[in-house]
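Colleague: So the protein sequences, as listed, match chains V and L. The C-terminal position of the first sequence is numbered 220 in full-length UniProt numbering, with every residue numbered one higher than the one before it. The C-terminal position of the second sequence is numbered 335 in full-length UniProt numbering, with every residue numbered one higher than the one before it.
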Amino acid sequence: MQLTIITDLNKCVGCKSCQVSCKEHNTAGAFGPVPDNDPYRDPDGMWWNRIVGMETGEYPNAGVLYLPKACMHCYDAPCVPVCPTGASYKRQDNGVVLVDYDSCIGCQLCMWACPYGVREFDEEHGVVKKCTMCIDRLEDESLPDYERQPACVQSCPTHARTFGDLDDPESKVSQLVAQRQGFGLLPELGARPAVHYLPRRPAPVVIDEKDVLRVMEERY
Amino acid sequence: MRPTTPLLLITVLQGLSGGITLAIAAFSFLLPPASDSILRNALLLSFAIAVIGGISSFFHMHRPQAGKYILRRLKTSWLSREALTTGIYAMILGVVALGPLVLPVNSWWYWVGGVLASIAALAAMFVTAMLYATIPAMRSWHSPLTVLSMMAVGLSSGGYAMLALLGESHLAAAVHRLAIFMLLATIVVAGVKLLQWKLFRDARRSLNAATGTGMPRAPYRIIDTGTTRPPYHTQTQVWPDLPVSLRGGLEAVVVLTMVLLPLGVIVATLDGTGAGLLTVLGAISFLFGTFVERWLFFGDATHSSKVWFVDQEKVGSRVATNRPSPALVHRFRNM
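Here's what the structure looks like:
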């Protein structure tokens, strides 16, 4: 099993609700897992999910692109083998990459090894932190099913984000990646990210057997 | 990435200590013999430098209480291997450097210890260099040049330190042989550094916003880096681009202090006029240059995530104009 989040770049409007809900769910404040020392005057603190905004193309064919960027929970996560204490690890049962704060020495080698720059250093606690894919929600059996998904997925107002198992060919995320040419970032660095993006282009028309039969019947 | 003092101290001092140890080994086995007391003093100096480097490594750990787990990932982590090899090197060096206080010198343990210390020094320097060279995301470092450069600089800094110790003692034959070796080593260092700076420039130029989207519709320009800004204090793998003048100035300092001044000292030494204080100045100059070179190595490195932090220059609008539009002028004239 490899849990993942797929983001449809056609639907993302850059509202940053996923960024804020991530911080809200994982608790900010001076002593929370996602700390801020001065959140109101200096919002550039720690964020596990950041939305990068870009201008695309050239006038008159210019546009704006938003790229939500959090841990890619890579199949071959480069941050895991470089960690000297084993604090960074990838769970075999669901593929989520996590950090054990108790064994982290704060050397930041994993931050250098991560191609996506999505690990953040907490100077107060002296450890490296990152997106946990809201593992506490996923494994909390007391929550109703619709709540057992990452906060960023649940809060997305345009339903741009989809959560599921990439290793299951029947899952919605697998089908979206297959049908819509989903891609991972910086593939040349060989990390094989699990998190995929759906490119900005019109959604292809899906023709199933019924459509074929109907057209055949109408025309021939 | 952001350079930090502990990182500079660890890497520079480990190279210096390893270089001195290997220079001592060269004198013990290959070069004309130098005075025993000088070699013993050099061993003590090398051990002291290794200890200072080791102490500074604790300051690099932000949670030293978890340091007890550092050897858990020997199979995959170069940092685990670095802790092991550097620790073994310091231990063997400690025995060889401090042993003569209680044990007889020039007996079998001293020579065996010396050989083991030299092998351990070489291993520790190689493993430290591999730690940086095996990170594909650090585009500037992911190259065999990183290993070559760190080893060459480390060995040369040790060689210059040894030359200073011998120069002060006026051992003409030993100084002359070491000076010839250092002449070649300095030329190698200069060549490797020039190639490495070219690699750094290529890495910096090859990464831009278009690389980071996974899509072909270029050009891209970052308008929001995602609620962060220089100096990116929670994201230490990136750092704002160095100003061109600062980079150029520091590179000039490196060339001057690591190549030109030491070469001048070498020429004077070979000429027979430069023993004594001049060799000490050469060693200090090379060590200073090594610190600047290492600061640039960290501060000027390009990480692959720079594609989302890139500080691109703002391009002015191609359609904006100060002239009022003719249609607008016509409308106002007819009012």
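Ideal placement from N, C-alpha and C gives every residue a C-beta, glycine not left out.
Quick one: what's got a C-beta closer than 6 Å to V/Arg-192's C-beta in the same chain, skipping five residues either side?
Modeller: Cys-74, Tyr-75, Asp-76
Colleague: Take every Cβ of the segment 234-241 of chain L, pair it with every Cβ of the segment 303-312 of chain L, and state whether three or more of those distances are shorter than 8 Å.
Modeller: yes
Colleague: Let me confirm a value: V/Glu-188 is counted as buried when at least 16 other C-beta atoms fall within 10 Å, else exposed. Which label applies?
Modeller: exposed
Colleague: For chain L, check one thing: does any of its Cβ atoms lie closer than 7 Å to the Cβ of V/Asp-100?
Modeller: no
Colleague: Name the DSSP beta bridge partners of residue 233 of chain V, please?
Modeller: Residue numbering for chain V in the displayed model covers 1 to 220; residue 233 of chain V lies beyond these limits and cannot be assessed.
Colleague: Distance cutoff 7 Å, beta carbons only. Does V/Gly-95 sit that close to anything in chain L?
Modeller: no
Colleague: Please report how far the alpha carbon of L/Asn-322 lies from the alpha carbon of L/Val-329, in whole angstroms.
Modeller: 13 Å
Colleague: What does V/Tyr-197 pair with, by DSSP beta-bridge criteria?
Modeller: In the DSSP output, where bridge partners are listed per residue, V/Tyr-197 has V/Thr-7, V/Phe-183.
Colleague: What does DSSP give as the partner residue(s) for V/Leu-67 in the beta ladder?
Modeller: V/Val-52
Colleague: Between V/Ile-51 and chain L, is there a C-beta pair that is closer than 7 Å?
Modeller: Taking CB atoms only, V/Ile-51 has a neighbour in chain L less than 7 Å away.
Colleague: As a quick exercise: from V/Asp-122, V/Pro-199, V/Met-46, V/Arg-214, pick the residue whose alpha carbon is nearest that of V/Arg-161.
Modeller: V/Pro-199
Colleague: Put V/Val-127 into one of helix, strand or coil per three-state DSSP.
Modeller: When DSSP states are grouped into helix, strand and coil, V/Val-127 belongs to the strand group.
Colleague: Report the residue from V/Lys-11, V/Gly-45, V/Ala-62 whose alpha carbon sits nearest the alpha carbon of L/Arg-221.
Modeller: V/Ala-62
Colleague: Which word fits L/Leu-296, buried or exposed, when buried means at least 16 other C-beta atoms lie within 10 angstroms of its C-beta?
Modeller: Counting Cβ neighbours within 10 Å, L/Leu-296 comes out buried, since at least 16 surround it.
Colleague: Based on the DSSP output, what are the partners of L/Ile-222 in its beta bridges?
Modeller: V/Met-54
Colleague: Can you give me, in chain order, the residues of the UniProt domain "4Fe-4S ferredoxin-type" (62-93) of chain V that have a beta carbon less than 7 Å from any beta carbon in chain L?
Modeller: Across the UniProt domain "4Fe-4S ferredoxin-type" (62-93) of chain V, CB contacts with chain L closer than 7 Å involve Leu-65, Leu-67, Lys-69, Pro-78, Pro-81, Val-82, Cys-83, Pro-84, Thr-85, Gly-86, in sequence order along the chain.
Colleague: How about V/Gly-126 and V/Gly-106: do their beta carbons lie closer than 7 Å?
Modeller: yes
Colleague: If the cut is a Cβ gap below 7 Å, which residues of chain L does V/Asp-44 touch?
Modeller: Thr-227, Thr-228, Arg-229
Colleague: Tell me the DSSP secondary structure of V/Gly-164 in three-state form.
Modeller: It is a strand residue.
Colleague: Do L/Gly-19 and L/Gly-167 have their beta-carbon atoms positioned less than 7 Å apart in this structure?
Modeller: no
Colleague: Leaving out five residues on either side along the sequence, give the residues of the same chain with a beta carbon under 7 Å from the beta carbon of V/Cys-1.
Modeller: A quick correction: the sequence has Met, not Cys, at residue 1 of chain V. Asp-93, Asn-94, Gly-95, Asp-165, Asp-167.
Colleague: Do L/Val-265 and L/Gly-282 count as a contact pair if the criterion is CB distance below 7 Å?
Modeller: yes
Colleague: My parser needs the alpha helix (DSSP H) runs of 4 or more residues fully inside the segment 257-284 of chain L; what are they?
Modeller: 261-271
Colleague: Find out if the Cβ-Cβ distance for the pair L/Leu-22, L/Arg-294 is shorter than 7 Å.
Modeller: no
Colleague: Given 8 Å as the limit, is there contact between the segment 16-25 of chain V and the segment 169-184 of chain V, that is, 3 or more CB pairs closer than that?
Modeller: Taking 8 Å as the limit for Cβ pairs, the verdict is that the segment 169-184 of chain V does not touch the segment 16-25 of chain V.
Colleague: Any beta carbon from chain L within less than 7 Å of V/Pro-144's own beta carbon?
Modeller: Contact of V/Pro-144 with chain L is not assigned, every C-beta pair being separated by 7 Å or more.
Colleague: Check whether the segment 136-154 of chain L and the segment 96-115 of chain V touch, using three or more Cβ-Cβ pairs below 8 Å as the test.
Modeller: yes
Colleague: Ignore the nearest five residues each way along the sequence and tell me which others in V/Met-72's own chain have a CB closer than 8 Å to its CB.
Modeller: Tyr-116, Val-118, Gly-184, Leu-185, Ala-191, Pro-193, Ala-194, Val-195
Colleague: Near L/Arg-2, which residues of its chain fall below 6 Å by C-beta distance, leaving aside the five closest residues on each side in sequence?
Modeller: Thr-236, Trp-239
Colleague: Evaluate the contact criterion for the segment 49-63 of chain L versus the segment 123-137 of chain V: three or more CB pairs, one atom per stretch, below 8 Å.
Modeller: yes
Colleague: Would L/Val-292 pass as a contact of L/Leu-250 if the rule is Cβ separation under 7 Å?
Modeller: Against a cut-off of 7 Å, the Cβ pair of L/Leu-250 and L/Val-292 comes out as a contact.
Colleague: So the alpha helix (DSSP H) V/Glu-24 belongs to, where does it begin and stop?
Modeller: 17-25
Colleague: Look up V/Phe-121 in the DSSP assignment and give the residues it is bridged to.
Modeller: V/Val-128
Colleague: Which residues in chain L sit within 7 Å of V/Tyr-40, going by Cβ to Cβ distance?
Modeller: The premise fails here: V/Tyr-40 is roughly 14 Å from chain L at the closest Cβ pair, so nothing lies under 7 Å.
Colleague: Does the beta carbon of V/Met-1 come closer than 7 Å to any beta carbon on chain L?
Modeller: No - not a single Cβ of chain L is within 7 Å of the one on V/Met-1.
Colleague: In chain L, which residues lie less than 7 Å from V/Ile-6 when you measure between Cβ atoms?
Modeller: Those within 7 Å of V/Ile-6 in chain L number zero; the least Cβ separation is about 13 Å.
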